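Taken in sequence, the protein lines are chains C, W, H and Y.
The letter at position 154 of the first sequence is residue 154 when you use UniProt numbering, and the numbering goes up by one with no holes.
The letter at position 182 of the second sequence is residue 182 when you use UniProt numbering, and the numbering goes up by one with no holes.
The letter at position 9 of the third sequence is residue 9 when you use UniProt numbering, and the numbering goes up by one with no holes.
The letter at position 55 of the fourth sequence is residue 55 when you use UniProt numbering, and the numbering goes up by one with no holes.
Using N, Cα and C, we set each Cβ at its ideal position, and we do this for glycine too.
Please read these numbers as outputs of a predicted model, since none were measured by experiment.
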Amino acid sequence: MAEIVTLAEAVTELVSDGDQVALEGFTHLIPVAAGHEIIRQGRRDLTLVRMTPDIVYDQLIGAGCARKLVFSWGGNPGVGSLHRFRDAVQNAWPAPLELEEHSHAGMANRYVAGASGLPFAVMRGYTGTDLPSVTTTIKPITCPFTGERLTAVPAINPDVTVIHAQRADRAGNVQMWGLVGVQKEAVLAAGRSIVTVEEVTDELSPVAGQVVLPSWAVTAVAEVAGGAHPSYAQGYSDRDNTYYQEWDAISRDRATFEKWLTEAVLT
Amino acid sequence: MAEIVTLAEAVTELVSDGDQVALEGFTHLIPVAAGHEIIRQGRRDLTLVRMTPDIVYDQLIGAGCARKLVFSWGGNPGVGSLHRFRDAVQNAWPAPLELEEHSHAGMANRYVAGASGLPFAVMRGYTGTDLPSVTTTIKPITCPFTGERLTAVPAINPDVTVIHAQRADRAGNVQMWGLVGVQKEAVLAAGRSIVTVEEVTDELSPVAGQVVLPSWAVTAVAEVAGGAHPSYAQGYSDRDNTYYQEWDAISRDRATFEKWLTEAVLT
Amino acid sequence: MTGTSVETSGHAAHTASEMMSVAAARALRDGTSCFVGIGLPSTAANLARRGHAPNLTLIYESGALGARPDSLPLSIGDGILAETADAVVGVPEVFNYWLQPGRIDVGFLSAAQLDRFGNINTTVIGGDYANPGVRLPGAGGAPEIAASCREVFIVVKQSRRSFVDKVDFVTSVGHGSGAGDRARLGLPGAGPTMVITDLGVFRPDPGTAELVLEQVHPGVTVQQVREATGWELAVASEVGTTTAPTAGELTALRALTGGPDGKEG
Amino acid sequence: MTGTSVETSGHAAHTASEMMSVAAARALRDGTSCFVGIGLPSTAANLARRGHAPNLTLIYESGALGARPDSLPLSIGDGILAETADAVVGVPEVFNYWLQPGRIDVGFLSAAQLDRFGNINTTVIGGDYANPGVRLPGAGGAPEIAASCREVFIVVKQSRRSFVDKVDFVTSVGHGSGAGDRARLGLPGAGPTMVITDLGVFRPDPGTAELVLEQVHPGVTVQQVREATGWELAVASEVGTTTAPTAGELTALRALTGGPDGKEG
Numbered sequence: 001m002a003e004i005v006t007l008a009e010a011v012t013e014l015v016s017d018g019d020q021v022a023l024e025g026f027t028h029l030i031p032v033a034a035g036h037e038i039i040r041q042g043r044r045d046l047t048l049v050r051m052t053p054d055i056v057y058d059q060l061i062g063a064g065c066a067r068k069l070v071f072s073w074g075g076n077p078g079v080g081s082l083h084r085f086r087d088a089v090q091n092a093w094p095a096p097l098e099l100e101e102h103s104h105a106g107m108a109n110r111y112v113a114g115a116s117g118l119p120f121a122v123m124r125g126y127t128g129t130d131l132p133s134v135t136t137t138i139k140p141i142t143c144p145f146t147g148e149r150l151t152a153v154p155a156i157n158p159d160v161t162v163i164h165a166q167r168a169d170r171a172g173n174v175q176m177w178g179l180v181g182v183q184k185e186a187v188l189a190a191g192r193s194i195v196t197v198e199e200v201t202d203e204l205s206p207v208a209g210q211v212v213l214p215s216w217a218v219t220a221v222a223e224v225a226g227g228a229h230p231s232y233a234q235g236y237s238d239r240d241n242t243y244y245q246e247w248d249a250i251s252r253d254r255a256t257f258e259k260w261l262t263e264a265v266l267t
Numbered sequence: 001m002a003e004i005v006t007l008a009e010a011v012t013e014l015v016s017d018g019d020q021v022a023l024e025g026f027t028h029l030i031p032v033a034a035g036h037e038i039i040r041q042g043r044r045d046l047t048l049v050r051m052t053p054d055i056v057y058d059q060l061i062g063a064g065c066a067r068k069l070v071f072s073w074g075g076n077p078g079v080g081s082l083h084r085f086r087d088a089v090q091n092a093w094p095a096p097l098e099l100e101e102h103s104h105a106g107m108a109n110r111y112v113a114g115a116s117g118l119p120f121a122v123m124r125g126y127t128g129t130d131l132p133s134v135t136t137t138i139k140p141i142t143c144p145f146t147g148e149r150l151t152a153v154p155a156i157n158p159d160v161t162v163i164h165a166q167r168a169d170r171a172g173n174v175q176m177w178g179l180v181g182v183q184k185e186a187v188l189a190a191g192r193s194i195v196t197v198e199e200v201t202d203e204l205s206p207v208a209g210q211v212v213l214p215s216w217a218v219t220a221v222a223e224v225a226g227g228a229h230p231s232y233a234q235g236y237s238d239r240d241n242t243y244y245q246e247w248d249a250i251s252r253d254r255a256t257f258e259k260w261l262t263e264a265v266l267t
Numbered sequence: 001m002t003g004t005s006v007e008t009s010g011h012a013a014h015t016a017s018e019m020m021s022v023a024a025a026r027a028l029r030d031g032t033s034c035f036v037g038i039g040l041p042s043t044a045a046n047l048a049r050r051g052h053a054p055n056l057t058l059i060y061e062s063g064a065l066g067a068r069p070d071s072l073p074l075s076i077g078d079g080i081l082a083e084t085a086d087a088v089v090g091v092p093e094v095f096n097y098w099l100q101p102g103r104i105d106v107g108f109l110s111a112a113q114l115d116r117f118g119n120i121n122t123t124v125i126g127g128d129y130a131n132p133g134v135r136l137p138g139a140g141g142a143p144e145i146a147a148s149c150r151e152v153f154i155v156v157k158q159s160r161r162s163f164v165d166k167v168d169f170v171t172s173v174g175h176g177s178g179a180g181d182r183a184r185l186g187l188p189g190a191g192p193t194m195v196i197t198d199l200g201v202f203r204p205d206p207g208t209a210e211l212v213l214e215q216v217h218p219g220v221t222v223q224q225v226r227e228a229t230g231w232e233l234a235v236a237s238e239v240g241t242t243t244a245p246t247a248g249e250l251t252a253l254r255a256l257t258g259g260p261d262g263k264e265g
Numbered sequence: 001m002t003g004t005s006v007e008t009s010g011h012a013a014h015t016a017s018e019m020m021s022v023a024a025a026r027a028l029r030d031g032t033s034c035f036v037g038i039g040l041p042s043t044a045a046n047l048a049r050r051g052h053a054p055n056l057t058l059i060y061e062s063g064a065l066g067a068r069p070d071s072l073p074l075s076i077g078d079g080i081l082a083e084t085a086d087a088v089v090g091v092p093e094v095f096n097y098w099l100q101p102g103r104i105d106v107g108f109l110s111a112a113q114l115d116r117f118g119n120i121n122t123t124v125i126g127g128d129y130a131n132p133g134v135r136l137p138g139a140g141g142a143p144e145i146a147a148s149c150r151e152v153f154i155v156v157k158q159s160r161r162s163f164v165d166k167v168d169f170v171t172s173v174g175h176g177s178g179a180g181d182r183a184r185l186g187l188p189g190a191g192p193t194m195v196i197t198d199l200g201v202f203r204p205d206p207g208t209a210e211l212v213l214e215q216v217h218p219g220v221t222v223q224q225v226r227e228a229t230g231w232e233l234a235v236a237s238e239v240g241t242t243t244a245p246t247a248g249e250l251t252a253l254r255a256l257t258g259g260p261d262g263k264e265g
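In structure tokens, the structure reads:
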């Protein structure tokens, strides 16, 4: 059963240096506040996993929390590139960043395998691309019935997955809706999970399109209203498109970034 | 885009002798009226596919429509055995019935593979059981990353899948909710699909727990209120438990069954 | 279901079937999760949830996670399951995301035939597979429930027809051919840790994995159990007697089933 | 986005970017389904739906099937997509149930680099993979969109930097190393059948699969296109001229983007 705790407690207890950590969210419901708490608590050597690492991953990388990134699309959606991510890859600043690079279909299937207790998933993908030449976690597999050649990717089983959802009840059952991405799979694939929510309520009244994660499938729930900002939580907040646009300027320059980090996260 | 037609038209156009046909439904939303229409139109040599063949499959088998059954649990839920199914297997009446027998997990994954455009699915299953000794569509497969031995099952891609849903709109978008079983996968795995619905409405107002099949993923929609009876359609009807209990007596005896068939279906 | 009525001092009269359901219900610990197989297990699991285990999470293969039916569902796909569940998911998800990774504490199964190592047959009896004496419903969810749950409880009406030396068909693996077999096969869960019948309660011997009679129900003798067992039954050095159903348990059970002759799940 | 404004007789002044979006939108047929990649394609696809193709089904990798946004989403995961979609599904389902089986008519992609066979690079430019000159965002959904959709349209701003003889990294396969390569690789879809830039329109030669300039946009010369191409460009024997954006198209486009210098999807 999920415990209801503060975000600081959840990160202290459940995220350790060296962990493989997935903060998932597909444009919607990105657990930004949890990412900032990880920065504040000074975690190091993390293997960060996410299909769409965006601003909060740029911040984690720039803050020196990450040793490796497992991903399929790293950008500032609707704006452009991630400058801290680029600086780490191109110039090893503030530290070298190892990459394990997939496509979205590959990452999604890796989470599905992880959630399913399987060591790998089968898909049609990567054929003819250069990705298998730089990523060792892509292998061919043959159908035992037809002889057809397909692609296998290994399960992702993060040490801890962090997501943001709209609501939880007091028993720790989690409810989210709208674009729900790959968050259910990421939580079920993980050894531990932290869910920040807009609010903890007495009842989870049903919502069309809802995904419910039962309390017994979650480790910790923390109430953090606005915890997805500048991303959004459908029914609670709108996407702060200006923040995404402004991030481009803040993140281009190391000094500007470090000033931002000190002022916006560390103090 | 799905065409809105009568059930008789849909069966005439889309179900042919010799087809592999899946009428899916997991206790809830069983397409019984469509099964009766297939009997009335005298289809023969069908390979019938379903995880939980129950009364309507007993009726199709007893009426001589089926050559083969691909399944994982064939019974009268909450009551006992299926006597027409038994009579076909034990005594080849009215015709021999070839079996291809799986577990629920195996069948569910076969539909998932079919819906995913993959020739097979990987699972943990069947290990140590006698099923692989009688079912050729169960094979071992080795994880290319860990060397672990798992089980592969081939995709099911029915020629036609038939399901019952609560509603469709006039454009042919289909909406169902409650226990939604494996129906989405069965439709997406099939070459063609028929959906009977309780009603065709102007709008599909959102319902919690809904599954929506867009019109362009469906071949034909037919309005058949009560088309799941004696099964139920959540929000429209309750399960007719008495019918299930009475079926036991009707189906035990060939003559009683044939009388029922003539009176209840053929006339 | 009918049966000989048993009266025990201080307890209401009950049938052997009722004793079986009550004993099976008691085996379920509060706060755990239980994958509820079709048939007798549903009665017991729902009784447990209405009694000593209000926080028992019931999982049905039809897609209901955390169902709280207020009456006994006739089938594993009744509407009441979806309406009262914490979450409703598709059937592939139940098996792939919830059962297969070993998240479920207890798999609760029934059987047409059960052997001394707790292997289950629900496929064919007599003849051979192609030409069976009796064709049964088949596997359903049981093979993977038996493989993947942390442990398995089996509830079954006992007779020489159901308790056989060797099942005619292994639909679901218990302890295979004996101790160590599950590990050799790579089956993740512990397998059957308890078998509850209308006569008594059995547990596998830790050394051999063979079922041992550990408890008889009130009014049942060890000899009666031996006679209803199709192999030379191992009996614990001290056989206990099951506590008879309390008035509260019987009231709750009959409210679920509609009386001593009522329906089963 | 800014650009040189072009005036054509009888048509409103428009930028080269606007011409590109309008030409790309026109390529989408009504009643088809389109998997909308991140970037420029979203502008064009939404323009098409608001103009000649009201029954265009837009599919976003974020899980929105049949989205009908009334303003241009800034990202592929804006709330407006879920709110207006026929169905919202999880990301694994988008790729496995909807894209992978080849259900989608058109994959609509952009590129950082594109080569003469329509192969796409969005991974790294210059240096090598481990020490790249420029690190780009990566693959996203594009490799499987390019593989599985029945055909692929690519919309990209053209220059010698983006139109290169050979991409530095094959993120998504167009026609590989030439005609027959997709079949040899077992890729189910037809691959890129049209490339739309701010200068003109290209289609693969049926014999060689190399991109051929078939149309220039109003005011653009073939020579200008050659100069913005990093290989010796094949040009059709008769090069057409794209019909300039109509007033209606421009009005609709500017309503979506917020004006000639507006945002893109």
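For the pair Y:Asn-96 and W:Ser-16, the CB atoms are not nearer than the 7 Å cut-off. Residues of the region 49-80 of chain Y with a Cβ closer than 7 Å to any Cβ of chain W, in chain order: Thr-57, Leu-65, Gly-66. The beta carbon of W:Met-107 sits closer than 6 Å to those of Met-51, Ser-72, all from its chain and outside the five residues before and after it, given in chain order. Within 10 angstroms of the beta-carbon of Y:Pro-54 lie fewer than 16 other beta-carbons, which makes it exposed. Linking W:Val-197 to W:Ala-165 through their CA atoms gives a straight-line distance of about 5 Å. Y:His-14 and C:Val-56 have their alpha carbons spaced roughly 37 Å apart. When DSSP assignments are scanned along the region 148-192 of chain W, the uninterrupted stretches of alpha helix (DSSP H) that are 4 or more residues long and fall wholly within it turn out to be 183-189.
The beta carbon of W:Leu-261 is closer than 8 Å to those of Ile-39, Gln-59, Gly-62, Ala-63 in its chain, skipping five residues each way along the sequence.
Assigned with DSSP and collapsed to three states, W:Pro-53 falls in coil, not helix or strand. At a C-beta separation below 8 Å, H:Ala-139 has these neighbours in chain W: Ser-72, Trp-73, Glu-101, His-102, Ser-103, His-104, Thr-129, Leu-131. Listed in chain order, the beta strand (DSSP E) elements of length 3 or more contained wholly in the region 123-202 of chain H are 124-127, 132-135, 151-155, 192-196. Judged by DSSP secondary structure, H:Ser-21 falls within the alpha helix (DSSP H) whose first and last residues are 16-26. Under the three-state reduction of DSSP, H:Ile-76 is assigned to coil, being neither helix nor strand. Going by beta carbons, C:Ala-10 and C:Ala-217 fall outside the 7 Å limit. With its beta carbon at least 7 Å from every one in chain Y, C:Leu-69 lies outside the interface. When DSSP states are grouped into helix, strand and coil, H:Ala-64 belongs to the strand group.
C:Val-15 does not reach chain Y, its nearest Cβ partner there being about 24 Å away, counting only Cβ pairs nearer than 7 Å.
For the pair of segments examined, the region 57-70 of chain Y was found to touch the region 78-85 of chain Y: the number of CB pairs separated by less than 8 Å reaches three. The beta carbon of W:Tyr-236 sits closer than 7 Å to those of Gln-166, Glu-198, all from its chain and outside the five residues before and after it, given in chain order.
By the Cβ neighbour-count rule, Y:Leu-187 is buried, with 16 or more other Cβ atoms within 10 Å of its own. For H:Pro-101, the neighbours in chain C by C-beta distance under 8 Å run, in chain order, Ala-115, Ser-116, Gly-117, Leu-188.
When DSSP reads this structure, W:Leu-48 sits in a beta bridge with W:Val-21, W:Leu-69. In the three-state DSSP reduction, C:Met-107 falls in the helix class (H, G or I). The contact set of W:Ala-108 on chain H, defined by CB atoms closer than 7 Å, consists of Val-91, Pro-92, Phe-95 in chain order. For C:Val-195, there are no neighbours in chain H by C-beta distance under 8 Å, as the nearest C-beta there is about 14 Å away. Within chain H, not a single residue places a beta-carbon under 9 Å from that of C:Val-153; the smallest gap is close to 16 Å. For C:Pro-206, no CB of chain H lies under 7 Å from its own CB, so it is not counted at the interface with that chain.
If you look at H:Phe-108, you'll find it isn't in any alpha helix (DSSP H); it sits in the beta strand (DSSP E) that goes 106-109.
Interface criterion not met: the Cβ of W:Ile-156 is under 7 Å from no Cβ in chain C.
Apart from sequence neighbours up to five positions away, the residues of its chain that approach Y:Ser-71 with a beta-carbon distance below 8 Å are Ile-80, Leu-256, ordered along the chain. In the DSSP annotation of this structure, the continuous segment of the beta strand (DSSP E) that includes C:Leu-213 starts and ends at 211-213.
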